[in-house]
Every structure is written in structure tokens, then in C-alpha cells.
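These notes are about the structure you will find just below.
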Amino acid sequence: MNRFDYERASDVAQAVGLADRAMANAAESAAPVRFLAGGTNLVDLMKEDVECPHTLIDVNRLPLRAIEELPDGGLRLGALATNAETADHPVVRARYPVLSSAILSGATRQLRNAATDGGNLNQRTRCCYFYDTATPCNKRTPGAGCGAIGGFTRMHAILGASEHCVATNPSDMAVALAVLDARVRVTGPQGERTIPLLDYHRLPGDQPWRDNNLAAAELVTAVDLPPGDFSAHYTYLKLRDRLSYAFALVSVAVVLARDDAGRCTDVRIALGGVAHKPWRVLDAEALLRANAPDRALFEQVAARMLDGAVGLGGNDFKIELARRAIVRALEQAASGRPQSHTDKRIA
Ligand SMILES: Cc1cc2nc3c(=O)[nH]c(=O)nc-3n(C[C@H](O)[C@H](O)[C@H](O)COP(=O)(O)OP(=O)(O)OC[C@H]3O[C@@H](n4cnc5c(N)ncnc54)[C@H](O)[C@@H]3O)c2cc1C
Ligand code: SF4
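Every letter in the sequence shown is one number past the one before it in this note's numbering, and letter 194, counting from 1, is 1112.
Take a look at the structure:
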């Protein structure tokens, strides 16, 4: 592990100020400045010399752990709330169960007890070449090339990839937040702003080292869930190589609402494990709106969501897997029989 400076902040303004100053000091070395939350991803990457930060700003003492109801009926998840606290929170379980389900499908109880919501959103890709410093990786070293292209691509993207990077975003939580139309609250040297979840993560394009649209020294302070009760028709379906302790090959989050005649009045679908960000296709969702859901329609929605999907050889199977997963997830959500939060075998 390389040498690095360590600072501990006690409030948001101090954390942002420390990060801003450290970035100015680090400019010559080009080494990044990182916020340290639960450390379950960052410290692993530092041990492997994948991340070699100039400075760590420890944010664990910031007052950002609360989960609180908002006056408009929404819910604010503090950036330092742990994944376990979020999944187990009574309001999340009652009104946003797709989020509980997605979080509980990931990692292990011990990890979820340490991992924070801000850290989960900002975790780095699980591309095996990103982790292997003996191979080229544009995300780790801009301009180095991409070891995955032409290599082992089982976990890699089928949508939105570029010639510079074919990695996927590993977060389950982010996929559920995408269907809840969550908004990410951030504070930086220029003040506060909110970023819609769908605009938070980026496609790799020609800058694959940028995972998201945070500006320099910006800190995630919270994630806001808009008001709503998404408990009647939802699911989080995660398909992976092992039933536990594995990242998604493909995952699907769905929330929908039906009127008294059974027609869909609102439907939102997001895919995980297939792109560099949670993948939503609004005109695919529109196919269901105002219609009574049935399998033929679900097949059309799946086809539309996967328009433009391209395999890399080792992951060609994901296109068919995703198609079937979308149809299964829509059946689960429409019938009000979601994938179990605890039994990970596919219902
Ligand atoms: C064995 C294993 C299995 C896992 N399986 C899954 C899985 O199946 N599904 C899944 O979704 N996840 C999985 N994870 C990932 C886990 O969820 C993340 O490691 C965790 O959520 C990261 O949170 P953290 O607080 O530990 O972040 P840290 O490791 O502290 O930080 C991660 C990144 O986020 C940045 N960061 C942290 N907080 C903020 C903030 N407030 N503002 C801006 N940037 C910030 C850090 O600088 C760093 O770059 C797994 C992890 C392990 C080790
Ligand atoms: S896919 Fe992206 S993260 Fe993986 S080796 Fe290529 S550039 Fe690096």
C-alpha cells in the first residue's frame, strides 16, 4: 500500500474544505483524494494498489446517519446510514420494499452493517482487469487500454459500452433507487445541489475513469426518495453465478401501479449488471402504461429495453438472460408476488 495523508472531518463543510485543499495539493501528483466511509470497497482497492489516493478524508463522524421522513411524504437516507439500517428501516420496508430487497440481495450481513449508502452509490466496478494491476485498464490508468476487450467478459456490459471500457456498475441499491426516481443530494465547494439518480452515474464514453457526475470535492450527503407507496406491485430479481455473495449478471427492479380495471397506471423498470449505470428505457415503460399487463406485452417491453444490446463473446448469453429476467420480473410485480427478500432462489 502506498503512503497517503489521512484527515478526519467532523462536519460537511470541513470535509468539503479538506477535500478541496487536498486536491490542490495533490494536483501535481495526479493522485486522487477520496472520502472514506465504511471502507469495504475503498480499503480493498488500496490494499491491491488499484486505488492509490494522495489523501483520505474520513467522513464517518459527519452527522449524516439519520433516515428521516420529509414534510412532502418522502424519505431522506443519510449518506452514512448503513445498508443494513436502510434495508431494515420500517418506512423503507413498508413503502419502498424494492429498495430493501435490492440491498438484501447484495454482499453479506457483516458487509451491509459496515457499508454506507453513500459508499454503495460510489463503489467501483468489479471488472477483474480493473483489480489486476498487471493488466491494462483505462479506468485505473487513463490511456492504458482495456484488458477486458478481447478478454474474459462474463460480467461485462451489453448496453452503453464504449471502445474504451465495457465495465458494469455493481451496485444493487442503485438499480432500486433508479425505479424510485431518487435524487442524490451533494455538497461541494460551490454549495449544494441535487442530481436525479439516473443522471448520477455515467456511461464510460471516452472518459471511463469517471464513474459519476460528481464535481471535484463534492460529497454525497443524502439520497431523497419521493413520496409514494410502492408496496403492492414490485420486485427485485437478481441473477448471478452463486445464490449468495455474488454480483449480478443481470438484475431487474420493477415498481408498478394498477387501476381498478387492472391497467398499469405507472411502471418503472431498471436493469443492473448490464451497463456502466442502472439502465432505464422510458419508451419501453410507456408500452405498458394504460394497458392490462400480459406476457405478450412483457415480451415487447423486454425487446425494447434491450434494443442495441451487443455481446462481447463471453457475455452474449446475458442478452437472452436479461430478456427472460425482464419478463419474469414484470410477471412477479404485476401479480403482486415479488421475489423473496431472503430466499434467493428464483420464484
Ligand atoms: C465481498 C463483497 C461482496 C459484495 N457484494 C455486493 C453485492 O452483491 N451488491 C452490491 O451492491 N454491493 C456489493 N458489495 C459492495 C458493497 O456494497 C460496497 O463495498 C459498499 O456499499 C461500499 O460502501 P462503503 O461505505 O464501505 O464505501 P467505501 O469503501 O468507504 O467507499 C467506496 C467509494 O465511495 C466513495 N464515497 C464513500 N462515501 C461517499 C460520499 N458520501 N460521497 C462521495 N463519495 C463517497 C469513496 O471515496 C470510495 O471511492 C460487496 C462488497 C464486498 C467486499
Ligand atoms: S472494462 Fe473498463 S474497468 Fe474493465 S479493463 Fe476495460 S477499461 Fe478497465
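Every residue, glycine too, gets a C-beta built ideally from N, C-alpha and C.
Just so it is clear, the structure is predicted and the values come from calculations on it, not from any experiment.
Quiz item: CB of Ile1021 to nearest heavy atom of ligand 2: below 8 Å?
Solution: Here residue 1021 refers to the residue found at position 103 of the sequence shown. No, the Cβ of Ile1021 stays beyond 8 Å of every heavy atom of ligand 2.
Quiz item: What residue from Thr1034, Tyr1163 and Ala1032 has the CA that sits closest to Arg905's CA?
Solution: The structure shown does not extend to residue 905, since the chain is modelled only from 919 to 1265, so the question has no answer here.
Quiz prompt | Backbone CA spacing between Ala1066 and Ala1208 [nearest angstrom] | solution = The count along the sequence shown starts at 1 and reaches residue 1066 at position 148. The count along the sequence shown starts at 1 and reaches residue 1208 at position 290. Roughly 42 Å between the two C-alpha positions.
Quiz item: With distances taken from CA atoms, which of Gly1106, Val951 and His1151 is nearest Thr1139?
Solution: Residue numbering aside, residue 1139 sits at position 221 when the sequence shown is read from its first letter. The residue with the shortest Cα to Cα distance from Thr1139 is Gly1106.
Practice problem: Using the DSSP secondary-structure output, state which residues sit across from Ile975 in a beta bridge. | Solution: Mapped onto the sequence shown, residue 975 falls at position 57. Here Ile975 is bridged, per DSSP, to Glu925 and Phe953.
Practice problem: Just mark Arg1255 as buried or exposed, buried being the case when its beta carbon has 16 or more other beta carbons within 10 Å. | Solution: As a first step, residue 1255 is located in the sequence shown; it is residue number 337 there, counting from the start. Looking at its Cβ environment, which holds fewer than 16 other Cβ atoms inside 10 Å, Arg1255 is exposed.
Quiz item: Would you call the stretch 1045 to 1062 and the stretch 1028 to 1035 in contact, with 3 or more CB pairs under 8 Å?
Solution: Using a Cβ-Cβ distance cut-off of 8 Å, the stretch 1045 to 1062 and the stretch 1028 to 1035 are not in contact, since fewer than three pairs of beta carbons, one from each stretch, lie closer than that value.
Quiz item: Quick one: what's got a C-beta closer than 6 Å to Arg1011's C-beta in the same chain, skipping five residues either side?
Solution: Numbered from its first residue, the sequence shown carries residue 1011 at position 93. Within its own chain, the residues whose Cβ lies closer than 6 Å to the Cβ of Arg1011, once the five positions on either side in sequence are excluded, are Ser1018, listed in chain order.
Quiz item: Contact check, Leu1077 vs Trp1197 under 8 Å by CB: the rounded distance?
Solution: Here residue 1077 refers to the residue found at position 159 of the sequence shown. Here residue 1197 refers to the residue found at position 279 of the sequence shown. Taking a contact as a CB-CB distance under 8 Å, the pair Leu1077 and Trp1197 counts as one, their CB atoms being some 6 Å apart.
Exercise. Name the two residues that bound the continuous beta strand (DSSP E) containing Cys1064.
Key: Counted from its first residue, the sequence shown places residue 1064 at position 146. That residue, Cys1064, is in no beta strand (DSSP E); it is neither H nor E in DSSP.
Quiz prompt | Nearest neighbour of Met1073, chosen from Ala1265, Val1192 and Ala949 [CA to CA] | solution = Here residue 1073 refers to the residue found at position 155 when the sequence shown is read from its first residue. Answer by Cα proximity: Val1192.
Quiz item: Below 8 Å, can you find three or more Cβ-Cβ pairs linking the stretch 1107 to 1122 to the stretch 1143 to 1161?
Solution: Using a C-beta cut-off of 8 Å, the stretch 1107 to 1122 makes no contact with the stretch 1143 to 1161, since fewer than three inter-stretch Cβ pairs fall below that distance.
Quiz item: Less than 8 Å between the CB of Pro1126 and some heavy atom of ligand 2, yes or no?
Solution: Start at 1 with the first residue of the sequence shown, and residue 1126 comes out as number 208. Within the cutoff, so yes.
Self-check item: Arg1027 classed as buried or exposed, judged by whether at least 16 other C-beta atoms fall within 10 angstroms
Solution: For the purposes of this step, residue 1027 is identified with residue 109 of the sequence shown, where counting begins at 1. Exposed, because fewer than 16 other Cβ atoms sit within 10 Å of the Cβ of Arg1027.
Quiz item: Can you check whether the CB of Val1219 is closer than 9 Å to the CB of Leu1189?
Solution: For the purposes of this step, residue 1189 is identified with residue 271 of the sequence shown, where counting begins at 1. For the purposes of this step, residue 1219 is identified with residue 301 of the sequence shown, where counting begins at 1. Remark: C-beta atoms of Leu1189 and Val1219 do not approach each other more closely than 9 Å.
Self-check item: Residues of its chain near Glu1259, where Cβ-Cβ distance is below 7 Å and the 5 sequence neighbours each way are ignored
Solution: Residue 1259 sits at position 341 when you count from the first residue of the sequence shown. According to the sequence displayed, residue 1259 carries His and not Glu. Correct list, in chain order: Ser1018, Ser1019 and Leu1022.
Self-check item: Ser947 (DSSP reduced to helix, strand or coil)
Solution: Residue mapping note: residue 947 aligns to position 29 of the sequence shown, counting from 1. Coil, per DSSP.
Quiz item: Whose CA, out of Cys1055, Ala1094 and Phe1070, lies closest to the CA of Arg1128?
Solution: Counting from 1 along the sequence shown, the entry for residue 1128 is found at position 210. Answer by Cα proximity: Cys1055.
Quiz item: When the distance is taken between beta carbons, is Ala1134 closer than 9 Å to Ala937?
Solution: Here residue 937 is taken as the residue at index 19 of the sequence shown, counted from 1. Here residue 1134 is taken as the residue at index 216 of the sequence shown, counted from 1. Pairing Ala937 with Ala1134 gives a Cβ-Cβ distance under 9 Å.
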